[in-house]
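Using this note's numbering, you'd call the opening residue of the sequence shown number 25 and step up by one each time. Note that the Cβ used here is the ideal one computed from N, Cα and C, for glycine as well. Remember, predicted model here, so these are calculated numbers, not experimental data. All remarks here apply to the structure that follows.
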Amino acid sequence: MPSASRDAAKLITAEGLRKLNEELAALEDDGRRRIAEQIRTAREWGDLSENAEYHAAKNDQAHLETKIRRLREKIAAAVVVEEGSVEGGAAGAGVVAFGSSVRVRDEHGAEHEWKIVSSHEAAPAHGRLSAESPVAVALIGRAVGERASVTLPRGSRSFEIIGVS
Numbered sequence: 025m026p027s028a029s030r031d032a033a034k035l036i037t038a039e040g041l042r043k044l045n046e047e048l049a050a051l052e053d054d055g056r057r058r059i060a061e062q063i064r065t066a067r068e069w070g071d072l073s074e075n076a077e078y079h080a081a082k083n084d085q086a087h088l089e090t091k092i093r094r095l096r097e098k099i100a101a102a103v104v105v106e107e108g109s110v111e112g113g114a115a116g117a118g119v120v121a122f123g124s125s126v127r128v129r130d131e132h133g134a135e136h137e138w139k140i141v142s143s144h145e146a147a148p149a150h151g152r153l154s155a156e157s158p159v160a161v162a163l164i165g166r167a168v169g170e171r172a173s174v175t176l177p178r179g180s181r182s183f184e185i186i187g188v189s
C-alpha cells in the first residue's frame with residue numbers, strides 16, 4: 025500500500041498524469057510566450073542595467089523555467105497506477121485501494137465520500153484524499169464493513185467503511 029515514502033509520491037492516476045501534461049503544455053506555450061513578450065517590451069524601454077521591468081521579467085522567466093523543469097521531472101518519475109490497485113496488485117471487490125472511491129460513516133454517524141489519489145491530485149475539500157494522508161493510510165487495504173481508526177492533530181477519528189467503488 026502507498027506510504028509516505030518517496031515511491032508513494034510518484035504514484036498517480038491516469039487522470040492526474042493527463043492534468044500534469046496539460047499544465048506542462050500550457051506553461052511551455054502560453055507561459056513562455058507571455059514572459060517573452062514582457063522581456064521584449066521591457067527591452068524597448070532602454071537601459072537594461074536600471075530597468076526594473078526587465079529584471080522582474082527575467083526573474084519571472086527563471087521561476088517559470090524552474091516550474092517547467094520540476095513538472096517534467098514529476099511526469100518522468102510518475103508511475104500510473106490502475107485505479108483500485110494495492111501495491112501493484114488489484115484490490116478485491118469492496119477493498120479500499122489507490123484510486124478507489126470510498127464511503128465511510130464516522131463515529132458521529134456522518135457519511136463522507138473520498139477518492140484516494142496521489143498527493144499531487146489531492147483536494148480534501150473536493151473529496152480527493154492523498155494516499156499518503158493519515159486517513160487514507162488507515163483505510164487502504166480494508167474492506168466494506170471494517171472499521172479504521174486514525175489519530176489526527178484534532179484527536180482520534182473512527183470510520184466504518186460502507187462502500188467502495
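Return the Cβ separation of residue i and residue j in integer angstroms, given the expectation that the two are a contact with Cβ distance under 8 Å.
| i | j | result |
| --- | --- | --- |
| V103 | A38 | Contact flag wrong, Cβ pair sits at about 11 Å. |
| I140 | V120 | 7 Å |
| V174 | R181 | 5 Å |
| G40 | E145 | 4 Å |
Apart from the five residues just before and just after residue i, which ones in its own chain have a Cβ nearer than 8 Å to its Cβ?
| i | result |
| --- | --- |
| E135 | R127, V128, R129 and I186 |
| L95 | L44, E47, L48 and L51 |
Which same chain residues end up closer than 7 Å to residue i when comparing Cβ atoms and leaving out the 5 residues on each side of it in sequence?
| i | result |
| --- | --- |
| R67 | Y78 |
| L176 | P158 |
| A81 | I59, Q62, I63 and A66 |
| G118 | A167, V168 and V188 |
Can you list, in chain order, the residues of its chain whose CB lies under 6 Å from that of residue i, leaving out five sequence neighbours each side?
| i | result |
| --- | --- |
| S157 | none |
| E89 | none |
| G55 | L88 |
| S142 | L35, I36 and G40 |
| L44 | I99 |
| A147 | none |
| E131 | S182 |
| Q210 | The question about residue 210 has no answer here: the residues shown for the chain are numbered 25 through 189. |
| S29 | Residue confidence is low: S29 scores 43 on pLDDT, short of 50, so the model does not pin down where it sits. Its coordinate-derived value is still stated next. Contacts found: none. |
ask   = Is the stretch 61-70 touching the stretch 167-177 in the sense that three or more CB pairs, one from each, lie closer than 8 Å?
value = no
Segment contact, 8 Å Cβ cut-off, at least three pairs: the stretch 45-53 with the stretch 148-161 = no
request  = Can you check the stretch 25-69 for any alpha helix (DSSP H) of at least 4 residues that lies completely inside it and give the ranges in chain order?
outcome  = 30-34, 38-50 and 56-67
task = Write down every uninterrupted run of the beta strand (DSSP E) in the stretch 108-153 whose length is 3 residues or greater and which is fully enclosed by it, in chain order.
result = 125-130 and 135-141
key: Continuous beta strand (DSSP E) assignments of at least 3 residues falling wholly in the stretch 75-108   = none
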